[in-house]
Amino acid sequence: MAKILIVDDSRTSRKVLRGILEANGHEVLDEAGNGQEGLEKFKTVKPDITTLDITMPVMDGLEALKEIKTIDKDAKIIMVTAAGQQSKMVEAIKLGASEFLTKPFEADQILKLIEKL
Amino acid sequence: MFNQLFGKYLVDSKHISSEQLSEVVAMGSKIRVKLGLIAVSERLLTTQQADEINRLQAVMDKRFGDIAVEKGYLTESQVSRLLGLQGNAYLTFAQILTDKGYMSLEEIESALAEYQRKYGFTMTDMEALRSGEVERIVPLFLPNIDQPLFVEIIGVAIRTVIRLIDADMYLLKASFKDSVDVSKIALQHLDGEHKATLAFSGEGKNLLAIANTFAGEEFTDVDLDALDAVCELINCINGLFATSISYTKIEMDMLPPEYYDNSRKATAKQICDVPLCIKGKRVELLVTFDEMMNV
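If you're matching them up, the sequences are chains D and E in order. For the first sequence, position 70 (counting from the first letter as 1) is numbered 70 according to our numbering, and the numbering increases by one without interruption. For the second sequence, position 196 (counting from the first letter as 1) is numbered 196 according to our numbering, and the numbering increases by one without interruption.
Structural data, given as structure tokens:
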């Protein structure tokens, strides 16, 4: 069972993701609606895994990833993307993202990624 | 999609009642068999392979058969044979109309000719409509658009709505406008080698036709949560579009989606306003290309 922080500007996505994770025995420690808020919550809740949406207002997922990795280089981060963000995915890999999750969410895909980490 | 368009025409022109149309459409959807199921029953695919393709379809703007060929599970000729087994939707529709005794085949053919005359479709257009292929149908309803990517993003939007929201949706004649009054709108801009905006707007509660299905919720009003759900669909559409054009080395990036639940004007030099009927509700698909929409 993993303790997870969800960072996504979409309430719909947060709700769907939380539903899938909790239904499968994982604990969602907290949620954040943008990268800045996610960074603050990462510092306080200390999750096993953080899911970071790439496209967010205020601070996007790549910037948040960079900041989180500065705080904890071993942080396990799953980047959440819509299809079509290949160049950002490459950048995320360079910044140390662990895995990628593509919207719309598929429960099997999410659970396999969590298990892998 | 043509069944809905032609069916609506048959009701409007009093060939059949709306109740009869609903019955025929419902029967048609019951007997529509998925390609994956046919492939498995024909022992051309394993259940696991069919499931894998279904999962891929959730994140790719491609048809089941195209993915199966790409993965090397089926040949193109096998896909053609399976499609033949699946049956043409229009023929199924016509078959049910005659089986139920609502119209004879001659009456259907005659109504089809009236429909063709009324909307000015050529024989080639009618073939495209009857084929049921969205790629061939969508351009018939669009105004003249020089930029192929403009047509492509609209096509991706409609195919995604069909795939994720309503397989029986249809579109009406689209037009260019420089200003559209909207009461509720969800949108996302794309930036990069081209600029674009894709939005859905709807009067009253019409956007719930998208929001409730996409989020699996029972929103009762088009509030901010419902609009957020519509934005997520837009995000998927734009993601698929950005992926497809990235194969031709064109980069476009998605900006954070926006939504507004109060009346305002959407303006641009050229907004393509595509009226859609989704789950019986009218929703406007608004798209600009090579410029962003001001809302």
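All residues carry an ideal CB built from backbone N, CA and C; glycine is no exception.
Identification of chain E residues near residue 86 of chain D by a Cβ-Cβ cut-off of 8 angstroms yields 243 and 246, ordered along the chain. Counting C-beta atoms within 10 angstroms of its own C-beta, residue 74 of chain D has fewer than 16 neighbours from the protein chains shown and is therefore classed as exposed. With its beta carbon at least 9 angstroms from every one in chain D, residue 21 of chain E lies outside the interface. Per the coordinates, the alpha-carbon of residue 126 of chain E lies some 49 angstroms from the alpha-carbon of residue 62 of chain D.
In the DSSP assignment, residue 105 of chain D falls outside any alpha helix (DSSP H) and carries neither an H nor an E.
Residue range 76-81 is occupied by the beta strand (DSSP E) that includes residue 78 of chain D. Under the 9 angstroms criterion on CB atoms, residue 214 of chain E is classed as interfacial with respect to chain D.
Residues are counted here when their Cβ sits less than 8 angstroms from a Cβ of chain E; for the stretch 7-19 of chain D these are 9, 10, 11, 12, 13, 15 and 16, given in chain order. For residue 159 of chain E, there are no neighbours in chain D by C-beta distance under 9 angstroms, as the nearest C-beta there is about 13 angstroms away. Residue pairing for residue 192 of chain E: DSSP places it in a beta bridge opposite E:252. Annotation for residue 211 of chain E: 219, 226, 229 and 230 place their beta carbon closer than 6 angstroms to its own, counting only its chain and skipping 5 residues before and after. Interface with chain D (9 angstroms Cβ-Cβ cutoff): residue 257 of chain E is included. Between residue 56 of chain D and chain E, the shortest Cβ-Cβ separation is below 9 angstroms.
Counting of Cβ neighbours within 10 angstroms places residue 262 of chain E among the exposed residues, the total staying below 16. Pairing residue 135 of chain E with residue 117 of chain D, the inter-Cα distance amounts to about 41 angstroms. According to the DSSP assignment, residue 150 of chain E belongs to no beta strand (DSSP E) but to the alpha helix (DSSP H) extending over 148-164.
Setting aside the 5 residues that flank it on each side, residue 208 of chain E is surrounded in the same chain by 219, 222 and 226, each with a C-beta closer than 7 angstroms to its C-beta; the list follows chain order. Within the model, the alpha-carbon separation for residue 283 of chain E versus residue 71 of chain D is close to 46 angstroms.
If you look at residue 258 of chain E, you'll find it isn't in any alpha helix (DSSP H); it sits in the beta strand (DSSP E) that goes 258-260.
At a cut-off of 9 angstroms between beta carbons, residue 232 of chain E contacts chain D. Between residue 89 of chain D and residue 25 of chain D, the alpha-carbon positions lie close to 28 angstroms from each other. The three-state reading of DSSP puts residue 6 of chain D in strand, counting E and B together. Closer than 7 angstroms at the C-beta level to chain E, one finds no residue of the stretch 29-52 of chain D.
Contacts with chain E (Cβ-Cβ distance below 8 angstroms) from the stretch 88-117 of chain D involve 88, 102, 103, 104, 106, 108 and 109, listed in chain order. The beta carbon of residue 39 of chain E sits no closer than 9 angstroms to any beta carbon of chain D. By the Cβ-count criterion, residue 112 of chain D is exposed, with fewer than 16 other Cβ atoms from all chains shown falling within 10 Å of its own Cβ.
In the three-state scheme derived from DSSP, where H, G and I count as helix and E and B as strand, residue 168 of chain E is classed as coil.
For the C-beta of residue 66 of chain E, not a single chain D residue is nearer than 9 angstroms; the gap to the nearest is close to 15 angstroms. Counting C-beta atoms within 10 angstroms of its own C-beta, residue 144 of chain E has fewer than 16 neighbours from the protein chains shown and is therefore classed as exposed.
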